[in-house]
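Peer 1: This is the structure I have questions about; it appears just below.
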Amino acid sequence: MDDDSTAPGDIDVVRSSLERVRRRSRHVVRHFYAHLFRHHPHLRPLFPAVMDDQYERLFTALVHVVDHLGHPGLPEHLRRLGRDHRKFGIVDEDYAAVGASLLTAIARYSPASWDERTETAWRRVYDEVATLMTAGAHRSITAQEPAFWEATVVSHRLHGDHTAVVRAAVRTPYPWRPGQYATVEHEDLPGVWRPYSLAGTVAGGEREHLLEFHVGRVPGGLLSGVLCDGTRPGQTLRLGAASGSALAPPPDATAVTLLAAGTGWAPVKSVLDELLRRRPTPRVRVDVVAKAGAHFYDGAHLDDLLRDHPWLSAYWWCQEHDDSRTRAAERLHAHLRERPDRPGEIVYLCGPAGFVEETAELLLARGLPPQSLIRDPQPPSGGRRSHVSHAESFLGPERVNWIDPDARLRPLRTPAFQPGSTGSMV
Numbered sequence: 033m034d035d036d037s038t039a040p041g042d043i044d045v046v047r048s049s050l051e052r053v054r055r056r057s058r059h060v061v062r063h064f065y066a067h068l069f070r071h072h073p074h075l076r077p078l079f080p081a082v083m084d085d086q087y088e089r090l091f092t093a094l095v096h097v098v099d100h101l102g103h104p105g106l107p108e109h110l111r112r113l114g115r116d117h118r119k120f121g122i123v124d125e126d127y128a129a130v131g132a133s134l135l136t137a138i139a140r141y142s143p144a145s146w147d148e149r150t151e152t153a154w155r156r157v158y159d160e161v162a163t164l165m166t167a168g169a170h171r172s173i174t175a176q177e178p179a180f181w182e183a184t185v186v187s188h189r190l191h192g193d194h195t196a197v198v199r200a201a202v203r204t205p206y207p208w209r210p211g212q213y214a215t216v217e218h219e220d221l222p223g224v225w226r227p228y229s230l231a232g233t234v235a236g237g238e239r240e241h242l243l244e245f246h247v248g249r250v251p252g253g254l255l256s257g258v259l260c261d262g263t264r265p266g267q268t269l270r271l272g273a274a275s276g277s278a279l280a281p282p283p284d285a286t287a288v289t290l291l292a293a294g295t296g297w298a299p300v301k302s303v304l305d306e307l308l309r310r311r312p313t314p315r316v317r318v319d320v321v322a323k324a325g326a327h328f329y330d331g332a333h334l335d336d337l338l339r340d341h342p343w344l345s346a347y348w349w350c351q352e353h354d355d356s357r358t359r360a361a362e363r364l365h366a367h368l369r370e371r372p373d374r375p376g377e378i379v380y381l382c383g384p385a386g387f388v389e390e391t392a393e394l395l396l397a398r399g400l401p402p403q404s405l406i407r408d409p410q411p412p413s414g415g416r417r418s419h420v421s422h423a424e425s426f427l428g429p430e431r432v433n434w435i436d437p438d439a440r441l442r443p444l445r446t447p448a449f450q451p452g453s454t455g456s457m458v
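Going by our numbering, the first residue of the sequence shown is number 33, and it counts up by one from there.
This is the structure:
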């Protein structure tokens with residue numbers, strides 16, 4: 033094996049090295065960005081003005097890639113990641129700059145264990161990662177795929193104080209499939225990209241399509257706050273390429289249950305619309321969970337579908353009176369335990385991570401075959417750490433909840449590869 037290839041043992045060396053700095057991840061990423069911007073100041077405008085979220089996202093993405101070194105799904109994921117990084121304006125030469133700053137930062141915070149063997153392993157592993165990412169970018173360019181799509185906001189509705197429904201027109205074709213995500217950037221918040229599920233496509237003018245996004249307010253969230261409170265018709269959004277493979281059930285599905293909580297209704301809505309267009313149409317049941325009745329922000333659309341398709345069944349589950357916040361999901365779970373099985377049923381599940389995890393466990397425990405469950409799994413976390421001292425605990429990074437546009441995977445017979453964040457350079 034030549035010097036440019038990963039040698040046997042490199043993966044173990046890199047994993048051990050990263051584990052040693054995991055407790056000081058906040059310091060590592062701050063040093064990384066300081067080094068990068070000092071030596072390559074032209075890269076600073078590619079990143080958001082406020083970097084706090086970016087610090088967390090970078091290390092989470094780095095941990096995720098290192099944890100999956102050697103996994104057969106990683107190369108294709110890295111090619112997609114390279115494609116997605118085109119929207120940031122990243123070019124081939126930037127990968128060398130990122131690699132140099134990354135190794136400098138890790139070496140800085142592991143001086144006792146950083147040696148020639150560790151540095152060589154990191155260089156070989158990073159070079160292979162960068163090669164795959166640039167290959168993905170080149171493949172995208174060869175296919176004449178835009179680095180991003182521009183969309184103009186045509187309508188904005190804020191329901192209560194919690195959920196915005198945004199429709200935006202794209203004038204060039206935007207390829208996507210029901211169940212997928214798009215990463216979104218707002219003109220008022222340059223450099224901040226977040227993934228949102230596509231709720232559907234609505235016919236617009238002669239040469240445009242309207243894409244619909246559902247945005248739940250995240251306390252302290254940068255982009256969700258702007259999309260909920262500071263968005264108006266005429267403003268411009270940028271969209272990254274659609275990602276994610278939690279697609280609609282296969283064409284031969286005869287019975288489908290769609291389970292949605294919160295803005296998990298957005299991908300479920302797009303999947304439902306596709307199912308209703310099929311001939312023959314499968315038997316479909318919809319269960320929607322919300323904190324309260326007022327949180328069924330798109331109930332009118334579902335009412336219209338029920339009127340036009342009398343055989344469609346839909347049920348709403350919400351908190352009542354002085355119920356606890358989890359009572360609506362508990363009622364749904366009790367119903368699922370008692371409900372008779374439907375032969376050949378496919379279940380599509382989407383919503384907050386805790387709801388998805390608990391509901392999936394319940395369905396699988398009741399005997400639903402894993403291949404019959406299409407779900408939105410918990411995103412991987414960079415928060416796993418060894419024991420830390422009181423001082424390190426105070427100074428160390430907090431766990432970050434991040435959403436991954438590629439993380440929704442159809443369950444596989446072998447452990448599924450969970451792609452990492454597309455919001456950070458690694």
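Beta carbons are placed, not taken as given, at the ideal position from N, Cα and C, and that holds for glycine.
1. By Cβ distance, which residues of its chain are closer than 6 Å to Met165, with the 5 residues on each side in sequence left out?
2. If you draw a straight line from the C-alpha of Ala346 to the C-alpha of Glu390, how long is it?
3. By the DSSP assignment, the beta strand (DSSP E) with Arg155 in it spans what residues?
4. Does Arg373 come out as helix, strand or coil in the three-state DSSP assignment?
5. Which of helix, strand or coil does DSSP assign to Arg407?
6. Taking the C-alpha atoms as reference points, what is the distance between Asp85 and Val216?
7. Give the straight-line distance between the Cα atoms of Ser256 and Trp146, rounded to the nearest whole angstrom.
8. Give the straight-line distance between the Cα atoms of Ala132 and Arg155, rounded to the nearest whole angstrom.
9. Measure the beta-carbon distance from His67 to Ala144 and round it to whole angstroms, keeping in mind my assumption that it falls under 8 Å.
10. Going by Cα to Cα distance, which pick from Trp225, Pro265, Ser275 and Asp159 is closest to Pro207?
11. By Cβ distance, which residues of its chain are closer than 8 Å to Arg315, with the 5 residues on each side in sequence left out?
12. Given a cut-off of 8 Å, decide if Trp349 and Ala360 are closer than it, judged by their beta-carbon atoms.
13. Helix, strand or coil: which one does DSSP assign to Thr313?
14. With a Cβ-Cβ cutoff of 8 Å, do Ser302 and Pro210 count as a contact?
15. Work out the CA separation of Pro73 and Arg47 for me, nearest whole Å.
16. For my contact list, Pro384 and Gly262 are in at a C-beta cut-off of 8 Å; report their separation, rounded to the angstrom.
17. Going by the beta-carbon positions, is the gap between Leu334 and Val318 smaller than 8 Å?
18. Would you kindly work out how many angstroms separate the C-alpha atoms of Leu307 and Leu337, rounded to a whole number?
19. With DSSP collapsed to three states, give me the class of Gly245.
20. By how many angstroms is the C-alpha of Arg363 removed from the C-alpha of Ser413?
21. List the DSSP bridge partners of Val318.
22. Would you report the Cα separation of Leu269 and His241, rounded to the nearest angstrom?
23. Is Thr136 helix, strand or coil when you go by DSSP?
24. Measure from the alpha carbon of Val61 to the alpha carbon of each residue in Tyr87, Glu51, His188 and Val161, then state which is nearest.
25. How big is the Cα-Cα spacing for Pro372 and Gly399?
26. Straight-line CA distance for Ala278 to Glu148?
27. Can you tell me which residues form a DSSP beta bridge with Gly232?
28. May I ask you to list the residues that DSSP assigns as paired with Glu217?
29. Would you kindly work out how many angstroms separate the C-alpha atoms of Val45 and Ala153, rounded to a whole number?
Peer 2: On the basis of the data shown:
1. Leu110, Leu113 and Gly114
2. 21 Å
3. Note, Arg155: premise wrong, no beta strand (DSSP E); alpha helix (DSSP H) at Glu148 to Thr174.
4. Per the sequence shown, residue 373 should be read as Asp rather than Arg. Note: Asp373 maps to coil in three-state DSSP.
5. strand
6. 16 Å
7. 41 Å
8. 9 Å
9. Not quite, the Cβ-Cβ distance comes to about 20 Å (not below 8 Å), so this is no contact.
10. That would be Ser275, whose Cα lies nearest to the Cα of Pro207.
11. Thr286, Ala287, Val288, Trp343 and Arg374
12. Ala360 is a Cβ neighbour of Trp349, given a cutoff of 8 Å.
13. Annotated three-state conformation of Thr313 is coil, per DSSP.
14. yes
15. 30 Å
16. Not a contact, Cβ separation roughly 24 Å.
17. Yes, the pair counts as a contact, with Cβ atoms nearer than the cut-off.
18. 12 Å
19. Residue identity differs from the one stated: residue 245 is Phe in this sequence, not Gly. In this structure, Phe245 counts as strand in the three-state DSSP scheme.
20. Because Ser413 carries a pLDDT of 39, less than 50, the predicted location of this residue cannot be relied on, and the following value inherits that uncertainty. It is roughly 29 Å from the alpha-carbon of Ser413 to the alpha-carbon of Arg363.
21. Leu290 and Ala346
22. 14 Å
23. Thr136 carries a helical assignment under DSSP once its states are collapsed to helix, strand and coil.
24. Tyr87
25. Approximately 12 Å, taken between the alpha carbons.
26. 43 Å
27. Glu244
28. Glu217 is bridged to Arg270.
29. 7 Å
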